[in-house]
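First the structure, in the form of structure tokens, and then the observations on it.
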Amino acid sequence: MSGTWGLRRRRNPVDAQHPERAGELSGEPPQIAVLTITRDEGDMLARWVDHYAAQVGHDNLLVFDDGSSDGSTDGLPISVQHLPGFRKGNFEAGRMSLASGVARGLLGVYDWVIFTDVDEFLIPDPAIYAGLPDYLARRSEDVLAPYALNVVHHTAVEGPLVAGEPILGQRAYAKFAPLMCKPSIKRVPAPWTCASHGIKAAYRPDPSLFMVHMKFADLDLLQRQADLRNELARTVGRGRGSSWGRSGDDLGTLLTRQTRSVGADVPVFDPAAIVPTGLVREEDGVHRAVGKGHIDNLQRQPLVRIPERLHGLV
Numbered sequence: 001m002s003g004t005w006g007l008r009r010r011r012n013p014v015d016a017q018h019p020e021r022a023g024e025l026s027g028e029p030p031q032i033a034v035l036t037i038t039r040d041e042g043d044m045l046a047r048w049v050d051h052y053a054a055q056v057g058h059d060n061l062l063v064f065d066d067g068s069s070d071g072s073t074d075g076l077p078i079s080v081q082h083l084p085g086f087r088k089g090n091f092e093a094g095r096m097s098l099a100s101g102v103a104r105g106l107l108g109v110y111d112w113v114i115f116t117d118v119d120e121f122l123i124p125d126p127a128i129y130a131g132l133p134d135y136l137a138r139r140s141e142d143v144l145a146p147y148a149l150n151v152v153h154h155t156a157v158e159g160p161l162v163a164g165e166p167i168l169g170q171r172a173y174a175k176f177a178p179l180m181c182k183p184s185i186k187r188v189p190a191p192w193t194c195a196s197h198g199i200k201a202a203y204r205p206d207p208s209l210f211m212v213h214m215k216f217a218d219l220d221l222l223q224r225q226a227d228l229r230n231e232l233a234r235t236v237g238r239g240r241g242s243s244w245g246r247s248g249d250d251l252g253t254l255l256t257r258q259t260r261s262v263g264a265d266v267p268v269f270d271p272a273a274i275v276p277t278g279l280v281r282e283e284d285g286v287h288r289a290v291g292k293g294h295i296d297n298l299q300r301q302p303l304v305r306i307p308e309r310l311h312g313l314v
């Protein structure tokens with residue numbers, strides 16, 4: 001089922017010298033489009049739709065379905081476009097070309113375009129902002145990136161996720177993920193690169209914008225999704241060199257081992273303790289997030305507590 005794709009008129013950009021006056025100058029909230037590309041990810045897709053629709057409205061969400069067979073995109077109250085499939089051996093390049101091309105067109109009528117995976121949830125700091133429209137109304141940068149947390153299922157003390165209830169609160173622990181501090185939001189047509197971890201425009205991650213990544217947020221879900229992706233890696237070569245090459249049992253064992261014993265002295269994540277300039281590097285005009293992959297992140301980054309002000313927001 002395809003929903004109506006609502007197009008909005010773009011306004012003039014805000015004075016870069018006075019980002020705090022953005023809302024005053026425009027007199028109305030910015031128009032924001034959010035897009036994703038998915039395949040057989042129903043558990044997270046439903047949460048993705050709920051989260052971003054609450055921020056920007058159902059009419060401003062676009063899902064590209066890359067051949068789902070689980071019915072997860074059927075009947076969604078948003079625009080769903082079914083893809084004929086990416087060419088074998090060209091998945092990531094095709095994905096970036098699609099996302100960047102669609103975003104370029106949308107920026108003719110929207111103020112901002114956001115591109116995330118279905119397990120990535122952007123949250124402006126609720127101590128400062130009322131949500132994404134408020135946050136973006138007060139920003140003057142061309143490209144915005146979050147401080148990212150890989151939420152983890154502490155299997156020793158946390159049970160399976162309860163469907164229909166927010167994840168944050170059911171999950172209290174995470175690991176800071178520098179590689180996920182990626183340029184997810186933009187208002188210029190600069191293309192995304194490097195699996196969306198890079199872009200052909202300058203940016204610096206913002207400590208007042210969080211992204212919670214839910215790949216490791218539930219043991220059962222991790223194992224199911226890992227097996228699906230592992231099959232794609234094995235049969236059509238997708239995700240070579242990434243965690244797609246690991247089985248569900250393998251990743252589940254790794255997660256359980258890394259959360260087996262956690263003391264009471266785990267610190268609360270403090271974005272102010274992270275220097276943003278060290279999170280991005282530039283090479284040949286591409287600015288990209290710097291950091292280890294998901295497996296190394298899970299193994300090497302220290303555990304932190306998710307700030308309680310984020311509980312209940314995803």
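First residue of the sequence shown? That's 1 in the UniProt record's numbering, and the numbers climb one at a time after it. All C-beta atoms, glycine included, are put in the ideal place defined by N, C-alpha and C.
Inter-residue Cα distance where the pair is phenylalanine 216 and proline 29: 34 angstroms
Just confirm the distance between the C-beta atoms of phenylalanine 210 and leucine 310, as a whole number of angstroms; I'd bet it's less than 8 angstroms. 6 angstroms
Anyone know if the C-beta pair for threonine 259 and threonine 155 falls short of 8 angstroms? yes
Can you have a look at asparagine 60 and say buried or exposed, based on whether 16 or more other CB atoms are within 10 angstroms of its CB? buried
Use the C-beta contact count for alanine 190: other C-beta atoms within 10 angstroms, 16 or more gives buried, fewer gives exposed. buried
Using three-state DSSP, classify isoleucine 167 as helix, strand or coil. helix
Beta-bridge partners of methionine 211, as assigned by DSSP: Leu122 and Ala148
Reducing DSSP to helix, strand and coil, say where histidine 287 ends up. strand
What do you get for glutamate 283, buried or exposed, if any count of 16 or more other CB atoms within 10 angstroms of its CB means buried? exposed
Rounded to whole angstroms, what is the Cα-Cα separation between valine 34 and tyrosine 110? 10 angstroms
Indicate whether methionine 214 and isoleucine 185 have their beta-carbon atoms separated by less than 8 angstroms. no
Check each candidate in Ile114, Thr73, Glu165 and Gly71 and name the one with the smallest Cα separation from aspartate 142. Ile114
What separation, rounded to the nearest whole angstrom, lies between the Cα atoms of leucine 136 and aspartate 40? 31 angstroms
Can you tell me the Cα-Cα spacing of tryptophan 192 and serine 100, whole angstroms? 6 angstroms
Any idea if aspartate 206 is buried or exposed, counting beta-carbon neighbours within 10 angstroms, 16 or more meaning buried? buried
Supposed contact pair lysine 175 and valine 304 - C-beta distance, whole angstroms, cut 8 angstroms: 7 angstroms
Compute the Euclidean distance between the alpha carbons of valine 80 and serine 261, then round it to the nearest angstrom. 43 angstroms
Report all residues from its chain with a CB closer than 7 angstroms to the CB of serine 69; omit the five preceding and five following residues, and keep chain order. Asp40
Cβ atoms of leucine 222 and leucine 255: under 8 angstroms apart, would you say? yes
Tell me the rounded alpha-carbon separation between residue 319 and valine 162. Since the first residue of the chain shown is 1 and the last is 314, residue 319 is not available in this structure.
Valine 157 - DSSP class collapsed to helix/strand/coil: coil
What's the gap between the Cα of leucine 132 and the Cα of methionine 180? 19 angstroms
Do you know whose CA, among Gly85, Val63 and Gly285, lies nearest leucine 76's CA? Val63
Taking the continuous alpha helix (DSSP H) assigned at threonine 253, which residues delimit it? 248–258
Distance between arginine 257 and phenylalanine 269 (C-alpha atoms, nearest Å): 22 angstroms
Put alanine 174 into one of helix, strand or coil per three-state DSSP. strand
With a 10 Å radius around its C-beta and 16 neighbouring C-beta atoms as the bar for buried, classify proline 178 as buried or exposed. buried
Is leucine 76 helix, strand or coil when you go by DSSP? coil
Among Gln31, Pro276, Val102 and Ala53, nearest to tyrosine 147 - alpha-carbon criterion: Pro276
What number of angstroms, rounded off, separates the C-alpha of tyrosine 129 from the C-alpha of alanine 201? 25 angstroms
Is it buried or exposed, glycine 164, if we count other Cβ atoms within 10 angstroms and call 16 or more buried? exposed
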